[in-house]
Structures are given as structure tokens and as C-alpha cells.
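Trainee:
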Amino acid sequence: MLLCTALAASGGPVRTFRGNGFLVGIAEPQGWVINMNAPQLAQFVLHRMGKTWREADSVIFVRLIPRQADQRAEAFVQSNVQDFEQSCVAPEVRDVDLKMGGQRKFWIKSYDCASMRHEVTAVTEVPGFFILFVLTSRGGPATEPIMTAYREVLTSFVWRETPRHPVRNPG
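Reminder that position 69 of the sequence shown reads as 171 in my numbering, one-by-one numbering, no gaps.
1. How far does the alpha helix (DSSP H) with residue 251 in it reach, from first residue to last?
2. DSSP state of residue 139, grouped into three classes?
3. Residue 208 by DSSP, collapsed to three states: which one?
4. Under DSSP, the beta strand (DSSP E) around residue 194 begins and ends at which residues?
5. Which of the three DSSP states is assigned to residue 176 in this structure?
6. In whole angstroms, what is the alpha-carbon distance linking residue 264 and residue 216?
7. Going by DSSP, what residue range makes up the beta strand (DSSP E) through residue 238?
8. May I ask you to report which of helix, strand or coil DSSP gives residue 187?
9. Using DSSP's beta-bridge definition, name the partner residues of residue 224.
10. Exposed or buried, what is residue 129 when buried is set at 16 or more other beta-carbons lying within 10 Å of its beta-carbon?
11. Does the separation of the CB atoms of residue 209 and residue 179 fall below 7 Å?
12. With C-beta atoms as the reference, is residue 149 less than 7 Å away from residue 164?
13. Return the CA-CA distance between residue 198 and residue 214, expressed in angstroms with no decimal places.
14. If you compare alpha carbons, which of 238, 261, 260 is closest to residue 252?
15. Can you have a look at residue 131 and say buried or exposed, based on whether 16 or more other CB atoms are within 10 angstroms of its CB?
16. Thinking C-beta only, is residue 169 closer than 7 Å to residue 231?
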């Protein structure tokens, strides 16, 4: 279970989410909202205020994907590229440079599929997980204001390990 709190930040507020043994923090860009009501898709979804995540033209999905200690982001990203290329008739995959500073390494790619799917994905490694940030846009590639919000989410990302709590068995 993840719990949410707000901390002050220079852009939008930073929201923190606690899991068993970790804390995740990301910014909620100005005019955007974090929604945790799409557990079948992602741990949380960011979308513009005034619409639901299902109605929004652009959405950022954030997923925590379990990984083994010897799994690396490069191989994970390459596997995603291969899966995409097999599922699309005319795939276009490009590296993306968002010109972000900071110490966290992200592997960022743009995926376009013949006017059907337009996504930018960023992957980073943390202990026990890949964190996948998927920006998906309907009707074409994301505009610069959308990319600015995406960049803010990525540059604000914080991962901290915290004490693990024993899992209790019911009964």
C-alpha cells in the first residue's frame, strides 16, 4: 500500500508515496494532478486538472516493475523496443534527450506507431525495481508544455530505502 503526503517544492508540490521498504517522491506539475485510482495500469497516473485520466489528451503513468539484482535497465529497455516493434506495422523508435541535469540516469525513448500510439518512456533503476515513466499522448506527439511537465516529474524523482515492515499473515 502506498500512502501520499505533500512537501513544498520549487515547481509543483512533491508527493511522496511509501511502500514496504521504500519511499518515492515526484512533483505534481502546476495544473496537473496525481491519481492513484488506476492500479490495473500503474501505481499512479498524472493528468491535467479538469479531466479524468481517461479523458485527458496526455497522461503520465508511473509504474514500479520488480527486478532481480542482476537485471539492468539497458536490457529492459531493449526488450520493450523489440516488443513495440513487433506490435506495430510501421514503428518509429528514437532516443530522446530531455537535457536534464541531475545524478539519476534515465533511459529515454520515443515510440510512435502510425498515428495510433505516441509515447515517451523513461526508465531508471532503483534497488529491486525499474521505475517506468510513460508519457502517452493521443492525436500526436506531446507538445512542449506537456514535455515540460514530464521533465519536471523526472527531475523531481526521489527514491529512498526505508525500514521494511514484516508482512503479517492473517489468521
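Ideal Cβ placement from N, Cα and C applies to all residues, glycine included.
On a predicted model such as this, the values are computed, not experimentally measured, just so you know.
Mentor: With the given structure in hand:
1. 246-258
2. coil
3. coil
4. 193-197
5. helix
6. 44 Å
7. 231-239
8. helix
9. 210, 235
10. buried
11. yes
12. no
13. 12 Å
14. 238
15. buried
16. yes
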